[in-house]
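Note that this note's numbering numbers the sequence shown so that position 136 is 137, with each residue one more than the last.
Yeah, the Cβ is synthetic: ideal placement off N, Cα and C, and Gly gets one too.
Owing to the predicted nature of the structure, the values given are computational and were not obtained by experimental measurement.
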Amino acid sequence: DDIVDEALGDLQHPNAPTWGPIWWVSRVGRASSERVRERVVADGLATLEPGGRSWMYFVRKPDRLKLTPAGEEPRRRLQAVLLGRQQPDPRTAVLGTLASVCKLIRHHVPRSERKAAEERAAAFSAGDAVPEGVREAIKGAENATASATLGAQSAIHN
């Protein structure tokens, strides 16, 4: 994936900041927002709705992305897994781990369910609550992230 490859390349740059995953994910979101928007629209995950005029005639509202049913599906799967309604498949478990690391669980479950959802997502990362195949996928994603982070840190300190 060209967007992820670019972000990993940035991580390995000698002058890359050593900040955590939340900073890097938000940076990728800001730096690649136009490319991400184009991709999700092209993949049928969202539609682009024109913004139109605001109540002030000379100010135009920004265009907005509206998720399609296909774009909502990963969110529905993640929510069902975080709420304990279904077992995670490998992709959803990795998504849950990423949401946990980036402190995004609160956007996917009701307030009353957050603590339990955060514990489930932490269990994905630890591999305690998932089948062996899912555990291997999560460990692979974590190892790739750790390798990129360590490579960036060693390049910075050398």
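C-alpha gap between residue 67 and residue 4, whole angstroms: 21 Å
For residue 72 and residue 11, the rounded distance between their alpha carbons: So the two alpha carbons sit approximately 28 Å from each other.
Bridge-paired residues (DSSP) for residue 62: In the DSSP output, where bridge partners are listed per residue, residue 62 has none listed.
Bounding residues of the beta strand (DSSP E) (the contiguous stretch that carries residue 47): 47-50
Residue 108, buried or exposed, once every other Cβ within 10 Å from all chains shown has been counted against 16: The residue in question, residue 108, is exposed, as its Cβ has fewer than 16 Cβ neighbours within 10 Å.
Local Cβ density within 10 Å of residue 155, reported as buried at 16 or more and exposed below that: Because residue 155 carries a pLDDT of 46, less than 50, the predicted location of this residue cannot be relied on, and the following value inherits that uncertainty. Counting Cβ neighbours within 10 Å, residue 155 comes out exposed, since fewer than 16 surround it.
CB contact flag (residue 52, residue 70, <8 Å): Taking the C-beta atoms as reference points, residue 70 is found no nearer than 8 Å to residue 52.
Under 8 Å between C-beta atoms of residue 96 and residue 84: no
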